[in-house]
Each structure stands twice: as C-alpha cells, then as structure tokens.
Amino acid sequence: MKTNEFKTEWCLLQNQFDSYEKHSLYIKLLSVIVLLVAEISDVISIFIVLILMVLWLQDAIWKTFQSRTELRLLQIEKYISEESEESEFQFNSEYHRVCLSGLSLINEYFRQSIRPTVAFPHIVLILILLVQYAL
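Quick note on my numbering: the sequence shown kicks off at 104 and runs consecutively.
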C-alpha cells in the first residue's frame, strides 16, 4: 500500500496550496496600497486603474495555479480513502495531462478572475478609483 507516500505528497501540496493563498492575499494588499498611495499623492488616473487590473489578473493567474494543486490534492485524498494503487508523486504528469494553452488558458484565467473571492477586492478598488476619476 502506498498510503504513506500519498500522505507525504498531500502534505507537500497542501503547504504549497496554503502558500498560494497567502500570496493571493499579498497581491490584494498590494492593490490596496496602490490605491492608498494614489489617493495620498492625488494621482488619480487611468494608469492606476490599469495597474490595479494587472494585479487583479495576476491574482487570477495565481489562483489558477492554486486550483490545479487543489485538483491533485482531491485526487490524493480519494486515493488515500479508497486505499488505491494509483501512482503517487504525479503532480507534474497530471498538470501536463490537463495543461491548457492559448484561448483555453486565457478562459481559465478569466474564470478565476470572476470568482467572488478573487474579484471582490479588485472590483471595489477599481470602482473607487473610477468614481473619483469621474468626479
């Protein structure tokens, strides 16, 4: 039985999954800081909106990586619970098997970007800036 190997892989990937979450929060915090600096320096422009949009996209990309890790974690949990004889340490093989490119990858980034936990802070910050820019 390969349960110990799956548990080892699960621990490694779970730590990485949690790390992605922390880094996503850092991106959101950076967006807040960009808005605050723009407010303090009284530099309200479309350029700042574009920076916030880039940070939003970066957050979506980061969350896409996290979602791929999540898929493998769920597989491993299933294998452990069923005492499966599947191969352990296959993250890269699984990743490569479902690897997207071109428009499919852009579509995946977009789907991640509109998830409420990703979109909420970014949309609010951009709206704040756009409302002030319009005034």
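From the three backbone atoms N, C-alpha and C, an ideal C-beta is built for every residue, glycine too.
{"Query": "Helix, strand or coil at residue 104 [DSSP, three-state]", "Result": "Residue confidence is low: residue 104 scores 49 on pLDDT, short of 50, so the model does not pin down where it sits. No coordinate-derived value is stated."}
{"Query": "Span separating the alpha-carbon of residue 219 from that of residue 161", "Result": "15 Å"}
{"Query": "Whole-Å CB distance - residue 165 paired with residue 204, under 8 Å assumed", "Result": "The Cβ separation is near 18 Å, so there is no contact."}
{"Query": "DSSP three-state assignment for residue 185, whether helix, strand or coil", "Result": "helix"}
{"Query": "Residue 170 in three-state terms, based on DSSP", "Result": "helix"}
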